[in-house]
Every structure is written in C-alpha cells, then in structure tokens.
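The working numbering numbers the first residue of the sequence shown as 3 and each following residue consecutively.
Here a beta-carbon is modelled for each residue, glycine too, at the ideal position from N, C-alpha and C.
The structure displayed is predicted, hence computed values, not measured ones.
Report on one structure; see the data block that follows.
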Amino acid sequence: MKKNYKLVIAIAAIVGVVFGIYLLNIYLKQKIQIAIKEEFTNSDVEYQDITVSVFKNKSEIKNIFYSGDNISVKAAALKVEGFNFYQYVFHDKIEISEISLQRPEFVFLKKDSLTNAATGKKWHLKKGVFVNSFHINNGQLEFKDNKLSPATLLAVLKKIELTGVRLNSETLNNDLPIVYENINLEIDSLFYALNAEHNLTVDKISMNDHLELQNLRIKSKYDKAEFSKKITIEKDRFDLEIPRLDVKDFSIGFEDDSLRLNSSLTQINKADFKIYRNKLLPDDLRIKPLYSEMLRTVRAKLKFDTLKIISSKIIYEEKIHESRPPGVVSFSDLNVKISNIANVDMRKSNFPITKIHAEAYFMKTSRLTLDWQFDIRNLEDDFKVSGSLAGISAKSMNSFLTPGMNVKASGEIESLFYNFYGNKYSGKGDMKLQYKDFKVEVLKKDGTGKNKLLTGLANLIIKNDANNKKLTHEDIGVQRDRTKSFWNYLWSFVKNGALKTFL
C-alpha cells in the first residue's frame, strides 16, 4: 500500500512539474507577445507562431515580418537560446546567449531627412539588450529609393556573425543601431548602382579583422556612343576590374555621426582600369578640388596607413575630333605605394604627410616614375611632385598625338626629369629634357596626308641642334584652371616645359 502511495505521489509530482513547465511556457509566450507590442508600438510586427521551451531554454518566432518607417524585415525564423530568465524577472534586463535569424530579407528605404528633422522622432527601447552571439544565415539585403523602385544596393548574405552585441535606445538612434565587439561576415554577391551611368559588383566579400573582396568591377551601363548621349557635360566613362582587394586589420565604426574606416595595409592586385572621355561635349565648369582637399573635407573618417597597387594598368582614351578615333595613353605594370591616407587626429603635431610613389611603363616602353606629397591640413593645398620618364620613341606617342593634335612625330625622347611644386591656384618648377632627331609631320585637316608647309615650319622651329644635351628650364610657371583635375594641372607643367625645350 505504501509503495502504491509513493508511486502516486511520484507520478503526481512529475505531472505537476510538467504541467508547471507547460504553464510557464504559456506565461513566457504571453510575456514575449506583450513585450513585442510594447516595444514596437509605432511599427507593424506580424508572425505565425511563438514557441517557448523552458526546459531547453529556447524560444522561436516563425515567419516573422517587421515594418518600420524606412525598413522592413521578414524571416523564416527568429531563434533565441540561453535566455537569462533570472536577469529578466528580477533585474529587468535582457541577456541572451545566442540569437539566429534564418533566411531574412532586409529592405531599407531612402530616408527623408526633411521629414525626420521636422518630426524629431527618436527610437526608444524600454529594456537594453545584450546578446553574446548573433547569427544571420542565408539572407538578403536591399537598399531602395522607395518601395516601387529597383534596388540601388543588393547583397546576398551567406553568413553574418556578431559577438558582444548591445542594443538600447541610445544605439538605436545612431547610424549603426547596434554596438558589437567582433564581426565575421560572408557575402556571396553584391550589386551597387554607383551613379546614373555605372554599376559596381563584387563576386564575394569576407570580413573579420581582414576584409577581402574578389572580382570587384565597375562597369558602365552604356557603350561609349550611348554614354555620350546620356550625359550633358564631359564625364569619365569607367571600366574597372580588380580580381582581388585585401584590407588588413580592417575596422569599421562610427565617430561623431561619421563613418570611420581603419586599415594598416590595403592592397589592390592586377587592376585593369579603362577610362574614356568625350571632349566634344561641353566642359564641366565646377571647381575641382585637389586630392588634399578631398581627403580633408570628406565626411568619412579615414585612417589607412598604407595603400599598395600592384601589377596594374590604366588606359585612358580621349575623343577630341569627331572624324578621328580617340587618342590613347597607357600605363602598364603599374605599382603604387601611398602612405598615410588619413583625416583623423589632424591637430596632432606629428600628423603625417601623405606620400605617393608610383612606377609604370608609359605606352608599354618607357619607364615612368612619380613622387608626390602633400599635407591635407594645408588649406592652400601645397604639394610637391617630381619624377622621370626614360626612353620613349615619338612613334609610340602617336596614338595620342595623331588623333588629338593631327600630328605625327619621329625621333626619341631619351630622358625627362621634372620637379614641380604648387598649390590649388598656381605652381612652378623645373624640367630637364633630352631628345634626339625629334621631328613632326603636320597632317592635313582630314588626316589623309602631310601638310608640307606647316610640317616644314614646325621642324624649322624645333631646336634639333640641342641633341644629346640636357636642357634645364627653371622658369616653368602654370596658372591652374580650377575647373580641371590635378592630372590636367600636372600635364600643364610637363607641356609648358616641353614647349620651352623644343622651341
């Protein structure tokens, strides 16, 4: 009889515990439902079901959908493990061991800054949240101008892992709504509408303390003829391919509402960059800042210790005359090292100057070097640039001279050395040029033959008696056209020096 009595008590106890857990599961499910309503009173939240297991310390929300002012999220499941019930019940804190979001689709709409400023709306979260580990698996991220427009950015998210995640009312109102300690990210593909004429794509992105991009491309949406019809002023048409881009010791965050990016070494390998410009279109008469000003005034906070471009090439084409093909200039086997791309801590006395060293083959045959430095804090944008060019035949320059200037040249420029310094308004310097048997052939307007009269006059003027002598000109001066780029400015130095030498 006592055995039967004990058995009944044991069974009753088990049933009581199970029933108690069942009631607790129901209670916690209701608490989660109430919390969702309280925390997201200004947003739409829908879900299929909520399950809670106190015994396993797990909960799951299935087929969830959230919609706020500028964001919507839907996901197959939101799973929570390791919920700290003690902290929640007795200390009103939310601490979670792990959260995973399965197959989410994020859609961000362009913010209406005027509306937000007028309403002064602030996000408020009643309870702060700490998550030890947060996972996103097999998701998709979209940025759009509005609900009906195509995506301006589309990323396929294979995996995102965040550790040490904190979320509260303060973080919600920052540009990045969470704070985290570490990130591990894998993106299978990325599309970004760079501007009205170009798209950027990346095949694969991975990031932890090291950022790696594979097969980055910038492509025009239009061929050269159609591109010229789409624009109203001169504008470069880009075609860029970078098989691999590595950013070591990479970190990203926000500082004073500005994006901050840091890296000890950024390396670009085997970039292939093609640029086309139609000079027949009207000039873009806006002021073009020099690179020092661009770095000084850009909104993002940058600290890139070293940038290297390795074994790359650039081809620049310029359409100058309707009836002729574009002029072509090429730089191959291009290797560049840039030190101190930074606009943070500019008040420090030991703030470093920016230095650029570049080497390449000009028109595939001539070794070109360039050394360039500037201090981005200098409001006059002072700079120094020097370099050399060795052993270029006039024939190799004809791919640019003939279409652009209707001239054919022969002979050889044996060496060229330049040293210039200036600011955003003007510059001066010196140049040494050595050439041999340099002659020109001025073509007829239609390019079909030689204009004998002009050819004779040109070669009469050119000082070929100076063969094998290094000529120095220290009085080269240039007034900068501020509607043109730095590279046009540098070309003006070289052109003025060459004209003084030849004539």
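Inset, instruction - For Thr-234, name the three-state secondary structure that DSSP assigns. - result: coil
Inset, instruction - Classify Asn-342 as buried or exposed, calling it buried when 16 or more other Cβ atoms lie within 10 Å of its own Cβ. - result: buried
Legend entry - Cβ separation of Asn-280 and Lys-321, assumed to be a contact under 8 angstroms, to the nearest whole Å: 5 angstroms
Inset, instruction - Please state if the CB of Ile-355 and the CB of Asp-377 are separated by a distance shorter than 8 angstroms. - result: Yes, these two residues count as a Cβ contact at 8 angstroms.
Inset, instruction - May I ask you to verify whether the segment 254-267 touches the segment 229-244, counting CB pairs closer than 8 angstroms and requiring at least 3? - result: no
Legend entry - Coarse secondary structure for His-93, derived from DSSP in three states: helix
Inset, instruction - Kindly list the residues whose CB is nearer than 7 angstroms to the CB of Asn-118, restricted to its own chain and excluding five residues on each side of it in sequence; keep chain order. - result: For Asn-118, the pLDDT reaches just 43, beneath the cut-off of 50, and the residue's location in the model is therefore unreliable, although a value from the coordinates is still provided. So no residue of the chain qualifies.
Inset, instruction - Drop a sphere of 10 angstroms on the beta-carbon of Pro-328, count the other beta-carbons inside from all chains shown, and report buried for 16 or more, exposed for fewer. - result: buried
Inset, instruction - Assuming Ser-332 and Met-365 form a contact by the criterion Cβ under 8 angstroms, report the distance between their Cβ atoms to the nearest whole angstrom. - result: 6 angstroms
Legend entry - Test item: CB-CB of Val-158 and Gln-142 under 8 angstroms: For the 8 angstroms CB-CB criterion, Val-158 and Gln-142 form a contact.
Legend entry - Assigned secondary structure, Ala-302 (DSSP; H/G/I helix, E/B strand, else coil): coil
Legend entry - Residues sharing a beta bridge with Leu-164, DSSP: Phe-136, Ile-185
Legend entry - Contact under 8 angstroms by Cβ, Lys-149 with Leu-111: yes
Legend entry - Beta-ladder partner(s) of Asn-396, from DSSP: Asn is not the amino acid found at residue 396; the sequence shown has Ala there. Partner(s): none; Ala-396 has no beta bridge.
Inset, instruction - Taking only the alpha-carbon atoms, compute the straight-line gap between Leu-267 and Asp-307 and give it to the nearest angstrom. - result: Those two C-alpha atoms are separated by around 6 angstroms.
Inset, instruction - List the DSSP bridge partners of Gly-429. - result: Gly-424, Val-480
Inset, instruction - Could you pull out every residue in the same chain whose Cβ sits closer than 7 angstroms to the Cβ of Asn-65, ignoring the five residues on either side in sequence? - result: Tyr-49, Gln-50, Ala-78
Inset, instruction - Give every residue of the same chain whose Cβ lies closer than 8 angstroms to the Cβ of Asp-285, excluding the five residues on either side of it in the sequence, and list them in chain order. - result: Excluding the 5 residues flanking it on each side, Asp-285 has same chain C-beta neighbours closer than 8 angstroms at Ile-235, Glu-236, Thr-485, in chain order.
Inset, instruction - For Gly-166, count neighbouring C-beta atoms within 10 Å of its own C-beta (all shown protein chains included) and say buried if the count is 16 or more, exposed if not. - result: exposed
Legend entry - Contained beta strand (DSSP E) runs [length at least 3] in the segment 200-266, N- to C-terminal order: With a minimum length of 3 residues, the continuous beta strand (DSSP E) runs that stay inside the segment 200-266 are 200-209, 213-222, 239-250, 253-257, 260-265.
Legend entry - Local conformation of Phe-169 per DSSP, three classes: Checking the sequence shown, residue 169 turns out to be Leu, not Phe. Looking at Leu-169 - three-state DSSP - the assignment turns out to be strand.
Legend entry - Sub-8 angstroms separation of Ala-362 and Asp-335 beta-carbons: yes
Inset, instruction - Starting from Tyr-278, follow the beta strand (DSSP E) in both directions and report where the run begins and ends. - result: 274-280
Inset, instruction - Tell me whether the beta-carbon of Ile-311 lies closer than 8 angstroms to the beta-carbon of Asn-337. - result: yes
Legend entry - Nearest-angstrom Cα separation, counted from Leu-202 out to Arg-508: Only positions 3 to 505 of the chain appear in the structure, and residue 508 is not among them; the question remains open.
Inset, instruction - Indicate the three-state DSSP secondary structure (helix, strand or coil) for Ala-500 in the structure shown. - result: helix
Legend entry - For Ser-313, three-class secondary structure by DSSP: Here DSSP, grouped into helix, strand and coil, assigns Ser-313 to strand.
Inset, instruction - May I ask you to report which of helix, strand or coil DSSP gives Glu-382? - result: In this structure, Glu-382 counts as coil in the three-state DSSP scheme.
Legend entry - Opening and closing residue of the beta strand (DSSP E) in which His-359 lies: For His-359, the enclosing beta strand (DSSP E) starts and ends at 356-364.
Legend entry - DSSP bridge partner residues for Arg-369 (one or two, in chain order): Tyr-363, Ala-392
Inset, instruction - Measuring alpha carbon to alpha carbon, tell me which of Tyr-420, Ile-185, Asn-197, Lys-250 ends up nearest Ser-494. - result: Tyr-420
Inset, instruction - Work out the CA separation of Asn-86 and Lys-315 for me, nearest whole Å. - result: 57 angstroms
Legend entry - DSSP beta-bridge partners of Leu-159: Gly-141, Ile-189
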